[in-house]
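I have placed the structure first, in the form of structure tokens, so that the comments after it can refer back to it.
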Amino acid sequence: MARISPLAVIPPLIFAGLAAMFMWGMGRDDPNALPSTLIGQQAPPVSGTTLPGKTQLTDADLRGNGVVLVNFWASWCPPCRAEHPTLTALAAEDGVTVVGIDLKDPEPAALRFLSEHGDPYAKLGTDPSGRTAIEWGVTAPPETFILDNEGRVLHRHAGPLVREDYTNRFRPELDKALAAGR
-16 MARISPLAVI
-6 PPLIFAGLAA
4 MFMWGMGRDD
14 PNALPSTLIG
24 QQAPPVSGTT
34 LPGKTQLTDA
44 DLRGNGVVLV
54 NFWASWCPPC
64 RAEHPTLTAL
74 AAEDGVTVVG
84 IDLKDPEPAA
94 LRFLSEHGDP
104 YAKLGTDPSG
114 RTAIEWGVTA
124 PPETFILDNE
134 GRVLHRHAGP
144 LVREDYTNRF
154 RPELDKALAA
164 GR
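First residue of the sequence shown: -16, per our numbering; consecutive thereafter.
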């Protein structure tokens, strides 16, 4: 009787393991979602700097003011430019408090962007080194966080707030937070 070499069993086991991993990944609710460890947690601190002529964003602004949107953006970021009208409408028409953190942006460029496109931000912080973005788990701008009245992170939206992504993923989470009166 011929014996099967233990080495002959290894490739099928590796294949079975990979197939199981792929099946698990495809069964997730949203395979494109980037999970955030901040959900349900207190929002991390914000930087202590702002742009000249703008109102400084502080940690205290993230709680006790109802639902707050924290938007990480940059003037050099094309998706940030695409979502800017949505943020402006949220702040002006929906009365949502929108605060911004300008990420790794030269001051003149950021000020020119806000001057040309409007400033939807009630308060503004800057993050020239990217340290605040790291603490918040931001992978790339734009990213927007929905905070409750206590300053806890309810939702993280990676990418621009535009079209179906805004309508189907972000807006329901915002409406849920607003309805809860958080």
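C-beta: ideal position from N, C-alpha, C; glycine also. Quick caveat, the model's predicted, so the values are computed rather than measured.
Just the Cα atoms here: how many angstroms apart are residue i and residue j?
i, j, result
"proline 14", "alanine 162", "Reliability fails at proline 14, whose pLDDT of 48 lies under 50, so the model's placement of it is uncertain and the value that follows must be treated cautiously. Between proline 14 and alanine 162, the C-alpha separation is close to 28 Å."
"arginine 95", "aspartate 158", "32 Å"
"proline 182", "threonine 38", "A query on residue 182 cannot be resolved here, the shown segment of the chain reaching from -16 to 165 and no further."
"alanine 92", "tryptophan 59", "8 Å"
"aspartate 110", "glutamine 24", "21 Å"
"valine -8", "phenylalanine -2", "10 Å"
"serine 19", "phenylalanine 55", "15 Å"
"glutamate 168", "arginine 64", "Because residue 168 is not part of the residues shown, which for the chain are -16 to 165, the question remains open."
"alanine 3", "serine 112", "41 Å"
"leucine 97", "methionine 6", "45 Å"
"phenylalanine 153", "glutamate 147", "9 Å"
"serine 30", "arginine 114", "8 Å"
"threonine 32", "proline 62", "24 Å"
Taking 8 Å as the cut-off, decide whether the C-beta atoms of residue i and residue j are in contact.
i, j, result
"alanine 57", "aspartate 88", "yes"
"threonine 104", "valine 121", "The question names threonine, but residue 104 in the sequence shown is tyrosine. Going by C-beta atoms, tyrosine 104 is not nearer than 8 Å to valine 121."
"proline 143", "proline 125", "yes"
"arginine 139", "leucine 21", "yes"
"tyrosine 149", "threonine 69", "yes"
"valine 79", "leucine 73", "yes"
Contact check, residue i vs residue j under 8 Å by CB: the rounded distance?
i, j, result
"glycine 101", "threonine 71", "5 Å"
"leucine 34", "leucine 107", "6 Å"
"alanine 116", "leucine 137", "With a Cβ gap of about 19 Å, alanine 116 and leucine 137 do not count as contacting."
"glutamate 66", "valine 145", "6 Å"
Sufficient close CB pairs (3 or more, under 8 Å) joining the segment 42 to 61 to the segment 129 to 139
yes
Report the residue ranges of all alpha helix (DSSP H) runs contained in full by the segment 68 to 143; include only those spanning at least 4 residues, in chain order.
90 to 100, 114 to 119
Taking the runs of the beta strand (DSSP E) that are 3 residues or longer, which of them lie wholly in the segment 22 to 47?
none
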